[in-house]
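Report on the structure given below.
Protein chains: 2
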Amino acid sequence: MLSLNYRDSRPIYEQVRDGLRRLIITGAIPPGDKLPSVRAMAGQLAINPNTIQRAYESLEQEGYAYSVPGKGSFAALPQDVTDKRREELLEKLDAIVQELVYLGMTPAEIGRRCAAWKEETQ
Amino acid sequence: MLSLNYRDSRPIYEQVRDGLRRLIITGAIPPGDKLPSVRAMAGQLAINPNTIQRAYESLEQEGYAYSVPGKGSFAALPQDVTDKRREELLEKLDAIVQELVYLGMTPAEIGRRCAAWKEETQ
DNA sequence: CAATTGTACTGTATGTCTTAGTACAGTTAT
DNA sequence: ATAACTGTACTAAGACATACAGTACAATTG
């Protein structure tokens, strides 16, 4: 379900959170579906349950999950959260385009590359 | 010349390095030009000289600068470094496009936005 | 009742970041 | 030559984040 990269400079709990966010946004984990329990996820990834709990807390604070004591944690994907995420990504997109332009690429060239983007190439 | 954001989660030395990289890539600091001395830069930003030295070390390791003991540190922008940077940025671009597509935007829509990018709007 | 769930603690170990201070060799300007 | 600069290399200390270990409790489920 998820994999950790210990060469990555990002903390483990951020890798877990970002990985789950990706699975939720892509629909791999539909909203309402139950996430693995804190202890199960920790055992599967061979890390401390506290680290998973922290990842779930962060994910819940972002709006991509909610937890019910005694029942479990569940995926969520409300409209306002996706709207906010889209704005964040567009800001990053603009910054990257700007630097690419300074590095010699034309906006049209970058635009063609984005428009030609295909899911199966990823 | 540069500004620090203490709310930013990135360490200071990375902010300095990234800021200088940007100034060099955009041409604000032409290759061969002298960067502020470690101590001058530290005084201007009101931080420790060690932190600036670390930023310069990192910048030099990336290839955007070179240092000469007794003389100073200087900007650089060799072709192979810009090529590598462009590859890094294109990878990030693809990842962002992928997520934007899952969030409902079409590749064509994203492509148009990039193609319409204007420097003066930044 | 027993097992599982999320949650909340305490404590410890480790690594990174930053500052402070000192020192040395090379370069530049006086 | 002398003084003032330059990059560079250390040590030491403190603050902070990360991760792990262990324990505990209330709510839910079988």
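First to last, the sequence lines map onto chains A and B.
Last residue of the first sequence: 122 (the working numbering), numbering continuous.
Last residue of the second sequence: 1122 (the working numbering), numbering continuous.
Glycine is no exception: its CB is placed at the ideal position from the N, C-alpha and C atoms.
Should residue i go down as buried or exposed, given a rule of 16 or more other Cβ atoms within 10 Å for buried?
i	result
residue 1078 of chain B	exposed
residue 11 of chain A	exposed
residue 111 of chain A	buried
residue 7 of chain A	exposed
residue 39 of chain A	exposed
residue 1030 of chain B	exposed
residue 41 of chain A	buried
State the start and end residues of the unbroken beta strand (DSSP E) segment that holds residue i.
i	result
residue 64 of chain A	Unbroken run through residue 64 of chain A: none, as it is neither H nor E.
Against chain B, with Cβ distances strictly below 8 angstroms, would residue i count as a contact?
i	result
residue 80 of chain A	no
residue 16 of chain A	no
residue 49 of chain A	no
residue 8 of chain A	no
residue 115 of chain A	yes
residue 99 of chain A	yes
residue 89 of chain A	yes
residue 85 of chain A	yes
residue 25 of chain A	yes
So the alpha helix (DSSP H) residue i belongs to, where does it begin and stop?
i	result
residue 111 of chain A	107-115
residue 944 of chain B	Look at the range of chain B in this structure, 1001 to 1122, and you will see that residue 944 of chain B is not part of it.
Sort out for me which residues DSSP pairs residue i with in a bridge.
i	result
residue 73 of chain A	A:67
residue 1092 of chain B	DSSP lists no partner for residue 1092 of chain B.
residue 34 of chain A	A:74
Got a sec: is the Cβ-Cβ distance from residue i to anything in chain A below 8 angstroms?
i	result
residue 1108 of chain B	yes
residue 1092 of chain B	yes
residue 1103 of chain B	yes
residue 1111 of chain B	yes
residue 949 of chain B	The shown model of chain B, from 1001 to 1122, leaves out residue 949 of chain B, and the question about it has no answer.
For the ligand COA, is there any heavy atom lying closer than 7 angstroms to the beta carbon of residue i?
i	result
residue 69 of chain A	The ligand COA is not among the ligands present in this structure, which contains no ligands whatsoever.
Pull up the CB-CB distance for residue i and residue j, whole angstroms please, since I reckon it's below 8 angstroms.
i	j	result
residue 1095 of chain B	residue 1032 of chain B	So it is not a contact: roughly 34 angstroms between Cβ atoms.
residue 73 of chain A	residue 67 of chain A	4 angstroms
residue 1060 of chain B	residue 1081 of chain B	The Cβ separation is near 11 angstroms, so there is no contact.
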